[in-house]
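Peer 1: Dumping the structure here so I can ask a few things about it.
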Amino acid sequence: MVMPQHCLSPVFGSSLWLASIALMVQPLMSSSAATYKRPVSGGTGQGFMDRTLILLDVNTRSPLKTLNENFLSLQLDPSIIKDGWLDFLSSKRLVTLARGLSPAYLRFGGKRTDFLQFHNLKNLAKSRGGPGPDYYLKNYEDDIVRSDIALDKQKGCKLANHPDIMLELQREKAAQMQLVLLKEQLSNIYSNITITARSLDKLYNFADCAGLHLIFGLNAFHRNPDNSWNGSRALGLLKYSAGKKYNLSWELGNEPNSYRAMVSRALNSSQLAQDYTQLRTLLQSVRYYSRANLYGPNIGRPRKNAILLLDGFMKNAGSAVDAVTWQHYYIDGRVAKVSDFMKTRLLDTLTEQITKVVKTHAPGKKVWLGGVGPAWAGGTNNLSDTYAAGFLWLNTLGMSAMQGIDVVIRHSFFDYGYNHLVDQNFNPLPDYWLSLLFKRLVGPRVLAVHVAGLQRKPRPGRVIRDKLRIYAHCTSFQNHNYVRGSITIYIINLHRSRKKIKLAGTLRNKTVHQYLLQPAGGEGLQAKSVLLNGEPLVMVDDETFPELKPRTLRAGRTIAMPPTAIGFYVIKNVNAYACRR
162 MVMPQHCLSP VFGSSLWLAS IALMVQPLMS SSAATYKRPV SGGTGQGFMD RTLILLDVNT
222 RSPLKTLNEN FLSLQLDPSI IKDGWLDFLS SKRLVTLARG LSPAYLRFGG KRTDFLQFHN
282 LKNLAKSRGG PGPDYYLKNY EDDIVRSDIA LDKQKGCKLA NHPDIMLELQ REKAAQMQLV
342 LLKEQLSNIY SNITITARSL DKLYNFADCA GLHLIFGLNA FHRNPDNSWN GSRALGLLKY
402 SAGKKYNLSW ELGNEPNSYR AMVSRALNSS QLAQDYTQLR TLLQSVRYYS RANLYGPNIG
462 RPRKNAILLL DGFMKNAGSA VDAVTWQHYY IDGRVAKVSD FMKTRLLDTL TEQITKVVKT
522 HAPGKKVWLG GVGPAWAGGT NNLSDTYAAG FLWLNTLGMS AMQGIDVVIR HSFFDYGYNH
582 LVDQNFNPLP DYWLSLLFKR LVGPRVLAVH VAGLQRKPRP GRVIRDKLRI YAHCTSFQNH
642 NYVRGSITIY IINLHRSRKK IKLAGTLRNK TVHQYLLQPA GGEGLQAKSV LLNGEPLVMV
702 DDETFPELKP RTLRAGRTIA MPPTAIGFYV IKNVNAYACR R
């Protein structure tokens with residue numbers, strides 16, 4: 162069979178060329194990414210199509226969406242107080258790594274948000290006259306105190322070089338506490354966490370030094386006998402933060418649709434709306450925060466109960482929040498397999514959830530994906546912290562951008578479990594490097610992708626799912642290696658074979674810079690380190706990133722995507738109108 166000649170027409174406005182906007186695959190079209198079409202063997206006049214899997218062009222006239230400058234943002238779980246890592250947020254290396262992903266929001270929240278207790282004391286352990294938490298040794302606590310004293314003497318950003326022996330002891334203690342934290346998560350029974358004034362100072366110092374805007378989640382479990390929210394403790398935290406002139410935004414609680422399972426107390430939409438209205442009034446009563454941003458209600462996956470809660474909340478308190486937030490985790494970390502991270506059905510579940518929230522239940526309101534990770538239940542060791550998780554993460558960014566999600570907050574930057582971007586040796590994991598490339602190369606203006614090609618007739622009853630996903634944005638204006646008007650395309654190849662992409666239309670015969678990410682070492686998809694264009698990505702030192710050097714593809718060359726690979730491609734000198742202003 163030969164493809165009709167009009168399918169090869171350079172007129173990309175024809176009905177056969179349609180934007181890839183994260184919708185499910187239809188004949189000759191793609192969804193969240195561009196659907197590829199396989200050349201048909203045999204026949205005559207194939208020539209060019211035999212060598213090319215798909216033709217690719219981008220609408221350069223106007224952006225499809227324009228996102229928040231902080232689109233890719235980060236989360237820290239309150240568990241870092243409990244396992245002791247909060248005391249190490251002043252590490253030069255951690256601050257450097259966080260700064261690499263700025264500008265961004267830093268959400269301090271999670272399941273333990275509703276168990277946070279604020280005490281306006283510099284050091285709670287010392288005020289009790291005791292040696293501190295049971296899992297600390299006395300000499301270790303003394304080291305922390307000495308470190309704090311040294312930091313207090315610094316002006317501006319307070320950064321530390323912690324001795325190796327101190328870090329090693331902390332890793333041992335964190336490993337013991339991780340068992341406790343995971344047990345709490347699996348049982349859904351949590352203990353309270355005290356955040357002192359000193360802890361809040363350290364948290365804010367980290368965010369401020371890294372160029373991140375801190376969003377603090379307040380405890381929603383402080384209740385009066387009539388089940389209304391008791392904001393008296395929150396007021397103490399607000400006044401302390403205002404006195405320090407901390408530039409903060411705020412949330413209240415986490416996944417209110419799950420409260421019954423956690424504390425045997427359900428929260429209906431009417432009460433949730435009253436709580437947020439009360440918090441907005443409380444913020445206005447503290448002069449420094451009278452115009453602070455408030456985000457919520459942070460519902461879990463939008464299923465029946467969560468959707469009912471969101472609907473009632475939006476009707477009664479939608480105006481109280483500056484953006485609507487919800488969360489999405491793909492799989493149960495306890496039973497995940499490496500093959501799960503490549504299932505297109507799993508990747509596409511996010512599209513369905515976004516459609517529910519954005520179009521049906523929060524029309525006309527900015528929507529944030531306020532917490533997202535590969536797996537719930539703490540993630541899976543050697544899976545959600547490996548190269549394989551990058552397929553889910555980059556697809557989340559692409560799908561969310563195409564459907565107008567304003568901000569995506571990754572759970573998490575650094576803490577216990579296996580969903581983080583940085584491990585406990587302060588080494589960047591594959592999803593960190595992917596995020597760094599995204600920040601360096603991808604701007605907030607989203608462009609429509611146009612594709613065409615051939616595909617074999619599917620077997621009866623078989624659903625064709627898209628395994629080649631393509632997204633396009635204007636190149637980040639913050640990257641001064643590229644002039645305005647350049648375009649960045651990022652591609653996920655889930656196939657176990659190489660796929661070829663021919664740039665056409667406005668992209669034809671342009672020089673391309675390739676940033677190809679592949680797993681390093683012999684672990685394959687479960688590698689915890691990556692190669693950029695064949696070279697390993699490793700920090701030079703605590704304050705220096707490696708050079709992210711592209712490989713230049715000559716004008717007119719076909720892009721060859723290796724199997725199970727991720728690539729960013731900057732199309733230079735396109736002079737795209739949508740990307741010039």
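Add 161 to a position in the sequence shown, counting from 1, and you land on the number used in this note's numbering.
A virtual CB, placed ideally from N, CA and C, is assigned to each residue, including glycine.
#1: Round the Cβ separation of residue 356 and residue 279 to the nearest angstrom and send it over; I've been treating them as touching at under 8 angstroms.
#2: Within 10 angstroms of its Cβ, does residue 733 collect 16 or more other Cβ (buried), or is it exposed?
#3: Taking 8 angstroms as the threshold (C-beta atoms), are residue 669 and residue 637 in contact?
#4: Closer than 8 angstroms is the cut-off here; do at least three beta carbon pairs connect the segment 262 to 272 with the segment 224 to 238?
#5: Give the straight-line distance between the Cα atoms of residue 747 and residue 437, rounded to the nearest whole angstrom.
#6: Excluding five sequence neighbours on each side, which residues of the same chain lie with their C-beta closer than 6 angstroms to the C-beta of residue 539?
#7: For residue 702, write down the residues that DSSP places opposite it in a beta bridge.
#8: The alpha helix (DSSP H) that contains residue 435, what's its start and end?
#9: To the nearest angstrom, report how far apart residue 569 and residue 216 are at their CA atoms.
#10: Using CA atoms only, rank isn't needed, just tell me which of 319, 362, 483 is closest to residue 242.
#11: Within the chosen definition, does the segment 587 to 594 reach the segment 251 to 260 through at least 3 CB pairs nearer than 8 angstroms?
#12: Taking residue 420 as the reference, which of 384, 454, 449, 440 has the closest Cα?
#13: Just the Cα atoms here: how many angstroms apart are residue 223 and residue 562?
#14: List the whole-angstrom C-beta distance separating residue 689 from residue 592, where the pair is believed to meet the contact cut-off of C-beta under 8 angstroms.
#15: Kindly indicate which residue of 277, 660, 240, 518 has the alpha-carbon position closest to the one of residue 530.
#16: Which of the three DSSP states, helix, strand or coil, is assigned to residue 600?
#17: Exposed or buried, what is residue 333 when buried is set at 16 or more other beta-carbons lying within 10 Å of its beta-carbon?
#18: Just reading off the beta strand (DSSP E) that residue 412 is part of, what are its end residues?
#19: With respect to the alpha helix (DSSP H) encompassing residue 362, which residues constitute its N-terminal and C-terminal limits?
#20: Could you pull out every residue in the same chain whose Cβ sits closer than 6 angstroms to the Cβ of residue 492, ignoring the five residues on either side in sequence?
#21: Which residue wins for smallest C-alpha separation from residue 509, given the options 552, 717, 476?
#22: Using 10 angstroms around the beta-carbon of residue 738, count the other beta-carbons present and answer buried if the total reaches 16, otherwise exposed.
#23: Run through DSSP, which three-state label would residue 465 get?
#24: Looking at the ligand HEM, does it come within less than 7 angstroms of residue 421, judged from the CB to the closest heavy atom?
#25: Expressed to the nearest angstrom, what Euclidean distance is found between the alpha-carbon atoms of residue 193 and residue 727?
#26: Which residues in the same chain have their Cβ closer than 7 angstroms to the Cβ of residue 451, if we skip the five residues on either side of it in sequence?
#27: Per the contact definition of three or more C-beta pairs closer than 8 angstroms, is the segment 712 to 725 in contact with the segment 656 to 665?
#28: Taking the beta carbon of residue 412 as the centre, do at least 16 other beta carbons fall within 10 Å, making it buried, or is it exposed?
#29: Who pairs with residue 379 in a beta bridge, going by DSSP?
#30: Between the beta-carbon of residue 455 and the beta-carbon of residue 441, is there less than 8 angstroms?
#31: If we ignore side chains and look at the alpha-carbon of each, how far apart do residue 349 and residue 462 end up?
#32: Relative to the C-alpha of residue 483, which residue among 511, 490, 449, 523 is closest?
#33: Following the continuous alpha helix (DSSP H) through residue 514, name the residue where it begins and the one where it ends.
#34: When you compare only the Cα positions, how much space is there between residue 206 and residue 635?
#35: Could you name the residues of the same chain whose beta carbon sits closer than 7 angstroms to that of residue 595, not counting the 5 residues immediately before and after it, in chain order?
#36: When the Cα of residue 386 is compared with those of 369, 654, 248, 426, which residue comes out closest?
Peer 2: Taking the coordinates as given:
#1: Contact flag correct, Cβ pair sits at about 5 angstroms.
#2: Buried, because 16 or more other Cβ atoms sit within 10 Å of the Cβ of residue 733.
#3: Not closer than 8 angstroms, so no.
#4: When Cβ pairs closer than 8 angstroms are counted between the two stretches, the segment 262 to 272 is seen to touch the segment 224 to 238, the count reaching three or more.
#5: The displayed coordinates of the chain run from 162 to 742. Any statement about residue 747 would go beyond what the structure contains.
#6: Here the set comprises 343, 346, 494, 578.
#7: For residue 702, which the question treats as bridged, DSSP gives the partners 705.
#8: First-last of the alpha helix (DSSP H) with residue 435: 430 to 446.
#9: Taking the Cα positions, residue 569 is about 30 angstroms away from residue 216.
#10: Ranking 319, 362, 483 by Cα distance to residue 242 puts 362 first.
#11: In this structure the segment 587 to 594 lies against the segment 251 to 260, because at least three pairs of beta carbons, one per stretch, are closer than 8 angstroms.
#12: Just measuring C-alpha positions, the residue of 384, 454, 449, 440 sitting nearest residue 420 is 384.
#13: If I take the Cα positions, the gap works out to 15 angstroms.
#14: Rounded, the Cβ-Cβ distance is 10 angstroms, inconsistent with contact.
#15: By alpha-carbon distance to residue 530, the top candidate from 277, 660, 240, 518 is 518.
#16: Here residue 600 sits in helix by DSSP.
#17: Exposed, by the Cβ-count rule.
#18: Note, residue 412: beta strand (DSSP E), 409 to 413.
#19: Counting along the chain, the alpha helix (DSSP H) containing residue 362 begins and ends at 358 to 371.
#20: Excluding residues within five positions, the ones whose Cβ falls inside 6 angstroms are 501, 536.
#21: When 552, 717, 476 are compared, the shortest CA-CA separation from residue 509 is found for 552.
#22: Around the beta carbon of residue 738, fewer than 16 other beta carbons lie within 10 angstroms, which makes this residue exposed.
#23: Helix at residue 465.
#24: In the structure shown, the ligand HEM is absent, as is every other ligand, since no ligand is present at all.
#25: Only weak support is given to the placement of residue 193: the predicted model assigns it a pLDDT of 35, under 50, and the question is left unresolved by the model.
#26: Non-local C-beta neighbours of residue 451 in its own chain, meaning closer than 7 angstroms and more than five positions away in sequence, comprise 444, 445, ordered along the chain.
#27: The segment 656 to 665 and the segment 712 to 725 touch, with no fewer than 3 CB-CB distances between them shorter than 8 angstroms.
#28: Answer is buried; the Cβ neighbour count reaches 16.
#29: Residue pairing by DSSP places residue 379 opposite 413 in a beta bridge.
#30: Taking 8 angstroms as the Cβ cut-off, residue 455 and residue 441 qualify as a contacting pair.
#31: Separation of residue 349 and residue 462 (C-alpha to C-alpha, rounded to the nearest whole angstrom) is 17 angstroms.
#32: Selected option, being the one with the closest Cα: 523.
#33: Its alpha helix (DSSP H) spans residues 505 to 515.
#34: Low confidence applies to residue 206: its pLDDT is 40, below 50, so where it sits in the model is not reliable enough to give any reading.
#35: The residues are 551, 554, 555, 678, 727.
#36: Answer by Cα proximity: 426.
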